[in-house]
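Have a look at the structure below before the remarks.
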Amino acid sequence: MFINTSSRALLTSFFMLLTLLSCVLCAPLSAVMQRDVWVPKITCPTSASTWTVGGTFLVTWDTSSKPSQVTNPTGKIYLRYGDATQSNPIASGFALTDGQVEVTIPDDTTPEKYMIVLFGDSGNWSDEFPIDAAT
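Note that the sequence shown covers residues -26 to -1, 1 to 109 in mature numbering (1 follows the signal peptide of the UniProt record, and there is no 0).
Structure, rendered in structure tokens:
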């Protein structure tokens, strides 16, 4: 009986073993770990809303569709302009189950049309609405 002990054969066998092991370990995880992703609909602001730079406003969302297990129950709110979400949240650390949070529009916000992005379990966007200059 001939056993190939070359480094290439050993390396191939080692990687085949790792591949099989990773398949065995990953398969049960998908069956055991059930994740409910909650994407609550933002109810305010709407396209009929007009906010102003420096003003404080109430962001609201529908909590009626909350699943029994929320993966990330703590929320953050960002402004989104065009194709980019701003890097700093305008609100954070609130419970998604609250259904609302007050936000203040930063003084350095350029008057334009924006969307609110609600992050927690997932990210969802409001309707586009204008933010006007402070008067």
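Just so it is clear, CB atoms sit at the ideal spot from N, CA and C, and this is done for glycine as well. Note that the structure is a prediction, hence the values are computed from the model and not measured.
Would Thr109 be called buried (16 or more neighbouring beta carbons within 10 Å of its own) or exposed?
By the 10 Å Cβ count, Thr109 comes out exposed.
Excluding the 5 residues flanking Thr37 on each side, which residues of the same chain have their C-beta closer than 7 Å to its C-beta?
Within the same chain, Thr37 has close Cβ partners Pro14, Thr71 and Gly73.
Does DSSP classify Ser42 as helix, strand or coil?
Here Ser42 sits in coil by DSSP.
Simplified DSSP state of Val91, which is helix, strand or coil:
In this structure, DSSP gives Val91 an extended state, which the three-state scheme calls strand.
Is the separation between the beta-carbon of Ile105 and that of Pro80 shorter than 7 Å?
No, Cβ-Cβ distance for Ile105 and Pro80 is not below 7 Å.
Neighbour-count burial assignment, Ser4, 16 or more Cβ in a 10 Å radius:
At Ser4, the pLDDT of 47 sits below 50, so the modelled position is not reliable; the number obtained from the coordinates is stated separately. Counting the other Cβ atoms within 10 Å of the Cβ of Ser4 gives fewer than 16, which makes it exposed.
Please work out which residues of its chain come closer than 6 Å, Cβ to Cβ, to Thr20, disregarding the five sequence neighbours upstream and downstream, and give them in chain order.
Cβ within range, chain order: Asp101.
Cα-Cα separation, Ile90 to Leu(-16):
Taking the straight line from one Cα to the other gives about 52 Å.
Pair within 7 Å by beta-carbon distance, Lys50 and Pro41:
Result no, Cβ atoms of Lys50 and Pro41 do not sit closer than 7 Å.
For Tyr52, which residues from the same chain have a beta carbon less than 6 Å from its beta carbon, with the 5 sequence-adjacent residues on both sides left out?
Within the same chain, Thr59, Gln60, Pro63 and Val91 come within 6 Å of Tyr52 by CB-CB distance, once the 5 residues on both sides are set aside.
If contacts are defined as beta-carbon pairs under 8 Å, then Arg54 and Trp99 qualify, I think. What distance do you get, rounded to the angstrom?
The Cβ separation is near 6 Å, so the contact holds.
Would DSSP call Asp57 helix, strand or coil?
Here Asp57 carries a coil assignment [DSSP, helix/strand/coil].
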